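The structure appears below as structure tokens.
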Amino acid sequence: MSIEVVNIAKTFHTFRALRGVSLKIEAGELVALLGPSGSGKTTLLRIIAGLEQPDEGSGPILFDGEEMGHRAVGERQVGFVFQHYALFRHMTVFENVAFGLRVRPRKTRPTDAEVAEKVHALLRLVHLDSLFDRYPSQLSGGQRQRVALARSLAVEPKVLLLDEPFGALDAKVRQELRRWLRRLHDDIGVTSVFVTHDQEEALEVADRIVVMNEGTIEQVGTPDEVFHRPATEFVMKFLGNVNLFHGRVGGGKVQFAGVSADVPEGSVEDGAPLLSARVFVRPHELDLSLTPAGRGSFPAKVTRIHSAGPVVRLELEAETGEQVFAHIDHLRFQALGLSEGSRVFLLPRDLKLFTEDFSV
Amino acid sequence: MKSRLQRRSVLPGFGLTMGFTLMYLSLIVLIPLSGLVLKSATMTWPAFWSTITEDRVLASLRLSFGGALIAATVNAVFGFVVAWVLVRYRFPGRRLVDALIDLPFALPTAVSGIALTAVYAPTGWLGRPLAALGIQAAYTPLGVVIAMTFVGLPFVVRTLQPALEDLDVEIEEAAASLGAGRFQAFVRVLLPALLPSLLTGFALAFSRAVGEYGSVIFIAGTTKTEIAPLVIVTKLEQYDYAGATAVALVMLVASFGLLFGINLLQRWSRRQHA
């Protein structure tokens, strides 16, 4: 089922959580709402679910083109997975999952045998069938999360909404669970939206990412698009580490850190006057060499080396004073024979620039 | 058993604090109560039996325990509503209402007894309209139940409030998102989560009502509406110490049995909850 929200605003007392957000989610998609805390992503999810009412004057909330705004959460056929699972503690795993079936109106309520069959099928789906008679307090965090998911799927939702589904889990379980969620989504194909503040999680799991900041949508795109072609400075900064330089742009060239480079296509209009610009380079897009490598490279001094990890992370200081981070692989690191205090030249392979007059 | 006692704790002083606890409990609770048992043991078995099966004694015990059970049940229902309103809604004067709840705790029981009697007497503010309806409250078992309800209310409200505040809103939202109506969510999700606290409040209100003397005797009045504590006092005034302790012993055993039963219920509901 496709979801469309139009011009949704939400104010809590004086805090404007959402400032007129519009978004369309296609049927069968797995979409991530990504943003820092306070960006409005959870509020948007809760409004889609019907757990929160948008402000007066907001546009409609459409599921497959049908207006849902006036329907209560229980009538929208959504499955909602809460950040802290919200399992019923006095019920077994089985009863938790069966809850949505048992509260149906008498006419459509399945028989006990049907309930049992369905619940066990769902528990097999989330690999918890052997734990059906346990209480939530006897389960690990990851298991509880899967029970919560099975419970929300029991009502055969047309839309699955997950609020920070892996937020409360430790790093390893989290990685396993998000891969598992991706596979599950591919199997059952229900339109799914999940909220996260973890860019890595969004990039790995989602078909499309909605990057939110201060109650507005900054960019909507595939993981590749938002990572490689960020629409705004905020998206650039939020999706991974960046080095920031202040520079000037004009005549097809950008000057920063004492170097001059070609302006990437499309980032500044031709013939624009000289503008001050903010230049972003990701740490893994910096090449290191011991000798100057053409006009684009600039000198820097290595101040710190972190070599434990898949890449070597270097902290450097440019001669113009900026602190710079660079990630290079171990082979390259050994070939260069770097130590703290070494002088190197940095060559940006790629850069993004945003001119100051791009007012937001 | 041995290994359970020896299990190490990071907190020091198990021996000392346990010893103190046992001594304190003995001094404050066990020794006076065993005095009670010993005193009634001076009676012969037939004398004991005839004392406690006397019509007047049985009636008073029935009124005390029956009234207390009714009062505690009434408090469990309406105390729940009061606690719910105080926790869930914000309204002007909420703090004032919240403070009012504690008044039955703080008032000397004789004062509340006289106040209740004055209000519920056939000429009182509430007694007059009730009398017009043909209901007499003061000097009847109904009056006893009213007084017992009055003194028990704070126990239910005060034990439920923290439990209600701890209740995660997400639980209700989860129930709603799964299609449960307000009533289903309440019965299937909220009530079971609150049951242990509700039982605690019920048990406390019940014990208070069984033991209540001051506020009940004024509104009870005649011999037909005697409560067991009043029978005990009457026997004491007639220098029938053994008879008094015999009735007291029955109250003790019955109270203990009932409280123990409620405790078991609580354990059962809490275990599901853990």
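Read top to bottom, the protein sequences are chains Y and B.
Count the first sequence with the numbering used here and you get residues 0 to 359, in order.
Count the second sequence with the numbering used here and you get residues 29 to 302, in order.
Heads up, the beta-carbon is just placed ideally off N, CA and C, and yes, glycines get one too.
Computed from a prediction, not measured in an experiment: that's the story for all the values here.
So, is the C-beta of Y:G68 closer than 9 Å to a C-beta in chain B? no
How is the beta strand (DSSP E) around Y:E3 delimited, first residue to last? 2-11
What beta strand (DSSP E) runs, 3 residues minimum, are completely inside the segment 141-168 of chain Y? 158-162
Verify whether the separation of the beta carbon atoms of B:V85 and B:V259 is less than 9 Å. yes
Helix, strand or coil for Y:H184, going by three-state DSSP, please let me know. helix
Jot down the residue ranges of each uninterrupted beta strand (DSSP E) in the segment 92-124 of chain B, minimum 3 residues, whole runs only, in chain order. none
Got a sec: is the Cβ-Cβ distance from B:S297 to anything in chain Y below 9 Å? yes
List, in order along the chain, the chain Y residues whose C-beta lies closer than 7 Å to that of B:G207? G73, G99, V102, R103, V154
Let me see if you follow: with CB-CB separation under 9 Å, is Y:M0 close to chain B or not? no
Option nearest Y:V189 by Cα separation, candidates Y:G37, Y:R150, Y:L160, Y:E199: Y:L160
Quick one: which residues of the segment 204-229 of chain B get their C-beta closer than 9 Å to a C-beta of chain Y? List them in chain order. A204, S205, L206, G207, A208, G209, Q212, A213, R216, V217, P220, A221, L223
8 Å contact criterion, which B:Y167 and B:T253 should meet: CB distance rounded: 6 Å
Starting from the N-terminal side, write out each stretch of the beta strand (DSSP E) that is 3 residues or longer and does not extend beyond the segment 23-48 of chain Y. 29-33
Identify, in the order they occur along the chain, each residue of the same chain with its Cβ nearer than 7 Å to the Cβ of B:V172, setting aside the five sequence neighbours on each side. L91, G95, V244, I247, A248, T253, I255
What residues match up with Y:R331 in a beta bridge as DSSP calls it? According to DSSP, which records beta bridges pairwise, Y:R331 is partnered with nothing at all.
Please say whether Y:T319 and Y:G256 have beta carbons closer to each other than 9 Å? The sequence shown places Ala at residue 256 of chain Y, not Gly. Yes, Cβ-Cβ distance for Y:A256 and Y:T319 is below 9 Å.
Please classify Y:V118: does DSSP put it in a helix, a strand, or coil? helix
Using only the alpha-carbon positions, how far apart do B:Q266 and B:T72 sit? 19 Å
Quick check on DSSP: helix, strand or coil for Y:T190? strand
Y:F193 and Y:A325 - do their beta-carbons sit closer together than 9 Å? no
Residue range of the alpha helix (DSSP H) that B:A237 falls in? 219-239
Report the rounded CA-to-CA distance for Y:L228 versus Y:V234, giving the unit in angstroms. The residue asked about is misnamed: residue 228 of chain Y is Arg in this sequence, not Leu. Going from the Cα of Y:R228 to the Cα of Y:V234 covers about 9 Å.
Which value, in whole angstroms, describes the spacing of the CA atoms of B:G152 and B:G107? 25 Å
Tell me, please, whether the CB atom of B:D196 is closer than 9 Å to any CB atom in chain Y? yes
Rounded to the nearest angstrom, what separates Y:A16 and Y:F81 at their Cα positions? 19 Å
Of the choices B:L264, B:G239, B:W296, B:G271, whose alpha-carbon is the least far from that of B:F284? B:G239
Quick one: residues in its chain with C-beta nearer than 8 Å to the C-beta of B:Q212, no 5 flanking neighbours on either side, listed in chain order? A203
DSSP state of Y:H227 mapped onto helix, strand, coil: helix
Continuous alpha helix (DSSP H) assignments of at least 4 residues falling wholly in the segment 243-298 of chain B: 256-265
Report buried or exposed for Y:Y134, applying the criterion of at least 16 other Cβ atoms within 10 angstroms of its Cβ. buried
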